[in-house]
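Participant: Take this structure, written in structure tokens, and hold onto it; I'll ask about it next.
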Amino acid sequence: MRLSSFLVYDRLTAALEENLRRLFRPHEQLSTGKKINHPSDDPVGISRIMDYRVSIQDKEQFKRNLNDARTYLELSDEALDQSVDALKRTKELVITALNADETPESRKMMAEEVRQLRTHVRSLANTRFRNRYLFSGMLYDQEAFDASGNYQGDSNYIEVRSSHNLTVKENLTGLEAFAYQQGAEEVVPLEDGRFIHYIQGTGTEVIIEIRDTDDTTVLDSFSFENTLEQMDRIREAMDTNNTDRLTALLKTLDRSMDEMLTRRGELGARLKFIENELDRIEDNVLDLKTVLSATEDADIAEVASEITKTQIALQALRQSGVRIISQSLLDFLR
Amino acid sequence: MPIMGIFDIGKSAILASQIALDVTANNIANVNTPGFSRKEAVLDIPTPMEIGSGFVGRGVRVSRIRRLYDRFLENQIMMQKQYLGRATIMADLYSQVEEVFNEQQNPGISASMNDYFNAWQEVADNPDELAQRSSLIKKAETLINVAKDTERALEDSMESIKEDITDTVNKINDLAEEIAGLNKQIIEIEAGSTYQANDLRDKRETLLGDLAQLIEFTTIEDDFGGVTVIAGGVNIVDGERYKTLTTDTNADGSLSVKYNNEDIGSRLNRGRLSGLIASYDEINSTVLKNLRKTIASLIKETNLQHRQGYGLDGNTGRDFFGSLDIYSVDYSDGASITSANITDLTQLNLHEYEIRFTDPTTYQVYDTDSDSVVATGTYTPGGAINFDGIQVVIDNDTGTPATGDKFFITPLHNAIKGFSVAISSTDEIAAAEDPAALPGDNRNALQMVDLYQSDITDLGGSYNDFYNAVVSTSGTMSRAAKDKMDFEQRLLDEMNLRRDSISGVNLDEEAANLIRFQKSYEAGARLIKLTDELLEVIINL
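Right under this line is the structure:
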């Protein structure tokens, strides 16, 4: 085949250009550290990369959600823990007050301590974090319990996403933590033959009736709707030296503490769930980062050797090119 | 035979060698001229002279200058240049388009949308916090800006394609004029002679090669040496005459290439012009449309969810984003659209429609996405046409609708242009589901978050799936166009190699020819000198 001179130069230029272009791609990979730099480098890969990135971002968001929830739950747990302590102390006081040796005066002094304990429990029930009253449900811009012990929140749970299909509740309502449902009526006989009835009222109202030996005549009746009101009743009983009521309230106090401990158990379970989720997310993120890296990161060693290879080819091309184009019959015509 | 015969033979040798040297010199001079075909002096024997004992030759002559040229190959190259012209511009344009979607270099819609939905999660975490609420609005605004930038980049590309189409048509017209001019010269030179206007033909060949990069055409050479260039069914060059193509803006903003109101552009399948027209349509109908659809869907779903929720101020029924509107293109001379609105967002399925008049009183609403008729009716001027949550009112304008009139209706076209945050304060963000549970109610925000992962009916997948497919498509388009360009380039290289093996100039060969003809020139001169000496002998007798 005849070769035209024009073509020899032309082809050589084209080959040099092609080689330089080939050198550019690994060079770009080396400078960005990525093997996919444009959608056309790997149209399927780019879509995966975007997917992985978004997933990682999502998981980071879930982590933030969970960490927030954990803070709220831990604070709630702390508040309940201290509340239980306060109730324990109250119980001790009630037991002491029931002692026959105590005088109305000494019981009045105990009443004062119960008042302080009640203030303490109220402040715990109104625990506030980041402008949020933890035990007020969704109405968390208001205190859970006002000064007279009325619940001001609602019974809603605040939930946040821990994954695309799971949520975690980040609160206990005040009614769960600081009140309980009596349920079926309970009757406790007293040593002197009288009876104490514990009756379910509306909502969390517990009605206590002290009945005569015939179990019909109601001698005394009082009620409370939550722990704070219960403590009010205890204080009043101590103030008025009413040991019958104190006897009756000793049992409900136990019930309140049990309820709180159950709720703490529930919080513990949720915190455990959060821990597990966080671990799982951490693992997931690590996995995702690994596959993301495998998909988009350039293998530096490979790229470097690719560059060397192309460089050698380019060098060889230049050398042979010089030889080819320097060959001319005209050089020999003197 | 007279002694002067040797003199004549010597003279003929000198003259022939001189012409051959001229041709060689011209070949050498044009070694780097693209499109130049090698010429060759064809030597011939003049009629021999009879002397008593037989015939004696009368020297040599140059019968013609041959142009080494393979018409079949040249035609193939011409066609290949047309293919390459299309492939090159498409590769160029699509690589611009893929850069618009290149989230490897800078965060784009995918990342911004992710941020936007995560901002809703933050609001769900802290439903009453001002910081998180303002952050949500900021993230929404970022998403809006990114979407607008992306759309603008695509529209800029399309705008530059339109400019390019106009430029290309101008170049085609200039080339047609030049080719017609060359036709005229060639016909004049070749008329009544046996000579070929070789160099002019080379020049015309070069111009045709330039034209081939721009537009698809076929050529026919007539008996007088003129070529007829037929592009899109029009003889843009016919002998000494040429025709001027024009561009025309269509109702939808795209450009048509026309001759005498006849659409030429749509008939072209090769050449830069066809590549430009095809790329414009492709960008418009796939990537740009789907980009707009992604955002339109986000606006629709966000607003539908947002309307159900309550703001911190206890109010409900508000849109989060500025509402979608209907864009229409009027392809009717008589009637026109007086209003087009979305009446029911829940029924809107983000399809595009054509309202077609099958006769002057009957219209048909044709869904171009599902290829089906969604409504038909009798036209009453000013009457409302309802379909898929859209209401369009068409009225007589300068006349009545005619058969074949159509109106293009789309909720997508303005989706990004009108993309904005509609709420005016952070309190209006509807995170709550129940106004009685304010401010801690985050249930509507959680519903909003769920949109991100759920399958959106209008998109046939999640936002991510759909948008990633758009990015992937842009990559595939670019990749395919690049591969196509490389393929066409290699084919053309191969053809050029073959062409050059016939028509190309080889300097070594020409150098050898120089020596050859120099030697024969010298020998001719020697003959004359010999005649001179012989004559001297005779004269001195």
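Sequence order for the protein chains is A and B.
Position in the first sequence (from 1) plus 532 gives the number in my numbering.
Note that my numbering gives residue 389 to position 404 of the second sequence, counting from 1, and the numbers run on in steps of one.
Think of the CB as a built atom: it goes at the ideal place given N, C-alpha and C, for glycine as much as any other residue.
1. At what residues does the alpha helix (DSSP H) containing R52 (chain B) begin and finish?
2. So within the region 739 to 772 of chain A, which uninterrupted beta strand (DSSP E) runs reach at least 3 residues, ignoring any that extend past its ends?
3. Does any C-beta atom of chain A lie closer than 8 angstroms to the C-beta of P424 (chain B)?
4. With three or more C-beta pairs closer than 8 angstroms as the rule, is the region 342 to 351 of chain B touching the region 421 to 441 of chain B?
5. Can you pull the chain B residues whose beta carbon is under 9 angstroms from the beta carbon of S615 (chain A), in chain order?
6. Short check: CB of Y180 (chain B) to CB of S488 (chain B), under 8 angstroms?
7. Among the candidates B:S355, B:Q332, B:I268 and B:A416, whose CA atom is the shortest distance from the CA of F305 (chain B)?
8. My parser needs the alpha helix (DSSP H) runs of 4 or more residues fully inside the region 266 to 312 of chain B; what are they?
9. How about G70 (chain B) and R277 (chain B): are their beta carbons less than 8 angstroms apart?
10. Give every residue of the same chain whose Cβ lies closer than 6 angstroms to the Cβ of M470 (chain B), excluding the five residues on either side of it in the sequence, and list them in chain order.
11. Between the region 447 to 466 of chain B and chain A, which residues of the former have CB atoms less than 9 angstroms from a CB of the latter, in chain order?
12. My output table needs one value for A96 (chain B): the three-state DSSP class, helix, strand or coil.
13. Residues of chain A with CB under 7 angstroms from V16 (chain B), in chain order?
14. List, in chain order, every chain A residue whose beta-carbon is nearer than 8 angstroms to that of F543 (chain B).
15. Only counting the same chain, and skipping five residues up and downstream in sequence, which positions put a Cβ closer than 8 angstroms to that of L199 (chain B)?
16. Kindly indicate which three-state DSSP category L253 (chain B) falls into: helix, strand or coil?
17. Just the Cα atoms here: how many angstroms apart are P721 (chain A) and A801 (chain A)?
18. Residue range of the alpha helix (DSSP H) that L607 (chain A) falls in?
19. For A281 (chain B), is the classification buried or exposed, using 16 other Cβ atoms within 10 angstroms of its Cβ as the cut-off for buried?
20. Are L58 (chain B) and R483 (chain B) touching if we call contact CB-CB under 8 angstroms?
21. Is there contact here, the region 240 to 255 of chain B with the region 215 to 222 of chain B, by at least three beta-carbon pairs under 8 angstroms?
22. Using a Cβ cut-off of 7 angstroms, pull out every chain B residue sitting near G669 (chain A), in sequence order please.
23. Report the CB separation of H559 (chain A) from I813 (chain A) in whole angstroms; it is logged as a contact under 8 angstroms.
24. Taking E691 (chain A) as the query, report the chain B residues whose CB atoms sit under 9 angstroms from its CB, ordered along the chain.
25. Would you mind telling me which residues of chain B sit closer than 7 angstroms to M533 (chain A), beta carbon to beta carbon, in chain order?
26. Run down chain B in chain order and give the residues with a C-beta less than 8 angstroms from the C-beta of D686 (chain A).
27. Kindly indicate the opening and closing residues of the alpha helix (DSSP H) around S852 (chain A).
28. G194 (chain B) and M63 (chain B): beta carbons closer than 8 angstroms?
29. Mind pulling the chain A residues with CB within less than 7 angstroms of E83 (chain B)?
30. Chain A partners of V490 (chain B), CB-CB under 8 angstroms?
31. For my contact list, P33 (chain B) and R46 (chain B) are in at a C-beta cut-off of 8 angstroms; report their separation, rounded to the angstrom.
32. Can you name the start and end residues of the alpha helix (DSSP H) that P345 (chain B) belongs to?
33. Between which two residues does the alpha helix (DSSP H) holding T779 (chain A) run?
34. Within the 8 angstroms Cβ cut-off, does S22 (chain B) reach chain A?
35. Could you tell me which of B:I523, B:P396, B:L0 and B:I340 sits nearest to T388 (chain B), measuring between CA atoms?
36. Quick one: using the 10 Å Cβ neighbour count with 16 as the cut-off for buried, is S457 (chain B) buried or exposed?
Facilitator: The short version:
1. Run containing R52 (chain B): none in the alpha helix (DSSP H); it sits in the beta strand (DSSP E), R46 to R52.
2. Counting only runs of at least 3 residues, the region 739 to 772 of chain A fully encloses the following beta strand (DSSP E) elements, listed from N- to C-terminal order: 750 to 756.
3. At least one C-beta of chain A is nearer than 8 angstroms to the C-beta of P424 (chain B).
4. no
5. By Cβ distance, chain B contributes nothing, its closest Cβ being about 22 angstroms from S615 (chain A), past 9 angstroms.
6. no
7. B:A416
8. DSSP runs (the alpha helix (DSSP H)) wholly in the region 266 to 312 of chain B: 274 to 293.
9. no
10. A72, T73 and A76
11. N449, D450, Y452, N453, A454, V456, S457, T458, S459, G460, T461, M462, S463, R464, A465 and A466
12. Under the three-state reduction of DSSP, A96 (chain B) is assigned to helix.
13. S537 and F538
14. No answer is possible for residue 543 (chain B): the residues shown for chain B start at -14 and end at 526.
15. G70, T153, K156, I157, L160, G256, R257 and L258
16. coil
17. 37 angstroms
18. P575 to L630 is the span of the alpha helix (DSSP H), which, as asked, contains L607 (chain A).
19. buried
20. yes
21. yes
22. G425
23. Contact doesn't hold; Cβ gap of about 37 angstroms is too wide.
24. Under the 9 angstroms cutoff, chain B gives A109, N427, R428 and L431.
25. S486
26. What D686 (chain A) touches in chain B: A421 and A422.
27. I832 to S858
28. Their beta carbons are under 8 angstroms apart, which means G194 (chain B) touches M63 (chain B) by this criterion.
29. The answer, in chain order, is H570, P571 and S572.
30. Residues of chain A with a Cβ closer than 8 angstroms to the Cβ of V490 (chain B) are, in chain order, S536, S537 and F538.
31. Actually they are not in contact, since the Cβ atoms of P33 (chain B) and R46 (chain B) sit about 12 angstroms apart, beyond 8 angstroms.
32. First-last for P345 (chain B): undefined, no H or E at that position.
33. Run containing T779 (chain A): T775 to E828, per the alpha helix (DSSP H) assignment.
34. no
35. B:I340
36. buried
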